[in-house]
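Numbering (my numbering), first residue to last: 2 to 110.
Heads up, the beta-carbon is just placed ideally off N, CA and C, and yes, glycines get one too.
So the structure is just underneath, and the comments pick up after that.
As structure tokens, then:
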């Protein structure tokens, strides 16, 4: 089984099908997810104007409902995901920096 996409992860996805409820999108791992029609864009998008089949779009993992991968291509969700990734990277780098260097609590003899 392919590795599951974590929530708030940004990746590229290829639109493989239009459904009445939204888009079916395949991500690089091979997994196929759904972008619900309300998560295609921040504003309403007429189905005639949805991304065409075969187009590659940016998507963000929105979690799973059972085995079904849910995705979003809303620009606000993608920006939120990027901000979360930057915060996580910053927090990890800060924690690493705080733990770097000698431990002055340890006395050498």
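Legend entry - With 16 other Cβ atoms within 10 Å as the buried cut-off, status of residue 80: Exposed, by the Cβ-count rule.
Legend entry - Option in 8, 5, 13 and 52 with minimal Cα separation from residue 20: 52
Inset, instruction - Assess, as a yes-or-no matter, whether the stretch 82-90 is touched by the stretch 43-57 under the definition of 3 or more beta carbon pairs within less than 8 Å. - result: no
Inset, instruction - For residue 64, collect the residues of the same chain with a Cβ closer than 7 Å to its Cβ; drop the 5 residues on either side in sequence, then sort them by chain order. - result: 8 and 71
Inset, instruction - Taking only the alpha-carbon atoms, compute the straight-line gap between residue 67 and residue 18 and give it to the nearest angstrom. - result: 21 Å
Legend entry - Check whether residue 43 and residue 85 have beta carbons under 8 Å apart: No; because the gap between Cβ atoms is not below 8 Å, this pair is not in contact.
Legend entry - Element boundaries [beta strand (DSSP E), containing residue 21]: Segment: none, residue 21 is in no beta strand (DSSP E) and carries neither H nor E.
Inset, instruction - Tell me whether residue 88 sits in a helix, a strand or coil according to DSSP, three-state version. - result: helix
Inset, instruction - Quick one: residues in its chain with C-beta nearer than 8 Å to the C-beta of residue 22, no 5 flanking neighbours on either side, listed in chain order? - result: 35, 37 and 38
Inset, instruction - Below 7 Å CB to CB, which residues in the same chain sit around residue 25 once its five sequence neighbours on both sides are set aside? - result: 17, 18, 33 and 35
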